[in-house]
Amino acid sequence: MAEKQIKILIATGIYPPDIGGPATLLIALPGALKDRGLAVKVITYSDVAASPPEEQAGVVYRISRQQCSVGRFLKYFWWMWRLSFWSDVIYATDTYSVGYFAYLIKKLIGKKYIVRFAGDSAWETAVANNWTQDYITDFQKNKYSRRIEKMKQRRAKILIGAERVVAVSNFIADIAKRIGVAEQKIRVIYNAVDFFGDLPPKIEPPAPTLIFAGRLMPWKGVEALLYVVAKLKARWPEIIFEVLGDGPQLEYLKKIAAQLDLEPNVRFRGRVSETESHRFFSQATIFILNTNYEGLPHSVLNAMRAGLPVITTDIDGNREVVKNEVNGLLVPYNDQAAWAGAISRLLADEALQQKFIANGRQTLENFRWDKLVEKTVEVINQC
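The structure is reproduced here in structure tokens:
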């Protein structure tokens, strides 16, 4: 008797041609799961209509963002509800929006769901709005306003109610445990970066070129890096700092750059596609990430794959990827003197750059695509 085919509904907020976050992962994951014998359908918010092949196959359901938020949410939930009767398991790639719908559907009809947990949006929202300055681990145990506590309770319900929680790092797995998720429900599955195809050839930049990629949030520390670049400019007048990414701090950071007379040196590129990002990485000298919080630094993995030496902060999440003096440098968050010293040292030492590049490529063995797919299938089968 043939073994029953497992049917999985992937519920996501973004999907190709969107860029960033889970959309990058979902370029390849549905096809990889099908190759391993699973039946897959995807529901997503989208700015584009379904393509004819998608409509014909009936595998990708796109809910237009071009409608009021209430109508958009209701339509998404309605279609997710309908598709849940087809599926054996729901895999929610986002905890706080589609994850909540998965939680509600389980309450209504008992449908099992898996949720991918990449970071605590309750904490991120609170910090972004200046409601707290507490670190993410302290945030789990401290008490706050009613608004914050409601956000914390909601995400706790979603995570605790899941059949499995896929954490993107051991650090995020620890956060899930602090929230109240049973340890036996948590599985760590690292991100991967080796499924994009060929990268553009490396081009030696005409001037020392630093690069950052990420959302421009307060904890990303780009402001401090601008002051560091201003110091480095005395030694390297032509130094370039490429800033890839959008976010609430963009206009503020542009003003700081202007005040520091860095407009010729700092280039704010805004949100860029994966292809454009690879092009900028291929023309850089060093990747820098002055962050106070990372679930898992996906941008660091991209930098290592692009053959860039890395400098980042000595914090949880980063330490799962970067080993100080082995495949990069770890420095204190926002310590401008330490950052200026680390960048100066690496710019002046070609041998050290090559050591970090070579060891960085070895590090990527722990973050291979086949491992991600294998562990994802294993988690689905456990449900």
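The sequence shown begins at -18 in my numbering and counts up by one. For glycine and all other residues, C-beta sits at the position ideal for the given N, C-alpha and C. Remember, it's a predicted structure, so these values are computed and weren't measured experimentally.
Check, Outcome
"Can you give me the Cβ contacts of Pro260 inside the same chain, cut-off strictly under 7 Å, excluding the 5 residues immediately before and after it?", "Note that residue 260 is Arg in the sequence shown, not Pro. Excluding residues within five positions, the ones whose Cβ falls inside 7 Å are Pro181."
"By Cβ distance, which residues of its chain are closer than 6 Å to Ser102, with the 5 residues on each side in sequence left out?", "Tyr77"
"Output yes if chain D places a C-beta closer than 8 Å to the C-beta of Val40; else output no.", "Among the chains of the structure shown, chain D does not appear; only one protein chain is present."
"Measuring alpha carbon to alpha carbon, tell me which of Tyr42, Gly288 and Ile156 ends up nearest Thr(-7).", "Tyr42"
"What is the C-beta distance between Arg206 and Leu241, in whole angstroms, given that I count them as a contact (C-beta under 8 Å)?", "Strictly speaking, residue 206 in this sequence is Leu, with Arg absent from that position. At roughly 11 Å, the Cβ-Cβ gap does not stay under 8 Å, so Leu206 and Leu241 are not in contact."
"Which residue marks the beginning of the alpha helix (DSSP H) containing Glu257, and which one marks its end?", "Glu255 to Ser263"
"May I have the straight-line CA-CA distance separating Thr113 from Ala107, to the nearest angstrom?", "6 Å"
"Just the Cα atoms here: how many angstroms apart are Ile167 and Ala215?", "49 Å"
"Following the continuous alpha helix (DSSP H) through Leu328, name the residue where it begins and the one where it ends.", "Gln317 to Ala329"
"If you count every other CB in all the chains shown that lies within 10 Å of the CB of Asp346, and 16 or more means buried, which is it?", "Correcting the residue type first, residue 346 is Glu in the shown sequence and not Asp. That one is exposed."
"Assign Ser68 to one of two classes, buried (16 or more other C-beta atoms within 10 Å of its C-beta) or exposed (fewer than that).", "buried"
"Looking only at C-alpha atoms, which of Phe98, Arg46 and Gln317 sits nearest to Val147?", "Phe98"
"Distance check for Glu359 and Phe54, CA to CA, integer angstroms please.", "31 Å"
"How about Glu255 and Leu234: are their beta carbons less than 8 Å apart?", "no"
"At which residues does the beta strand (DSSP E) containing Ala374 begin and terminate?", "It is not possible to answer for residue 374, since the shown part of the chain is limited to -18 through 364."
"Roughly how far, in whole angstroms, is the beta-carbon of Ala321 from the beta-carbon of Leu310, given that I think they are within contact range, below 8 Å?", "The pair is not a contact, with the Cβ atoms about 12 Å apart (cut-off 8 Å)."
"Nearest-angstrom Cα distance between Ala284 and Ile139?", "33 Å"
"Just curious, the beta strand (DSSP E) that Glu232 is in, first and last residue?", "First-last for Glu232: Leu231 to Gln240, but that is the alpha helix (DSSP H), not the beta strand (DSSP E)."
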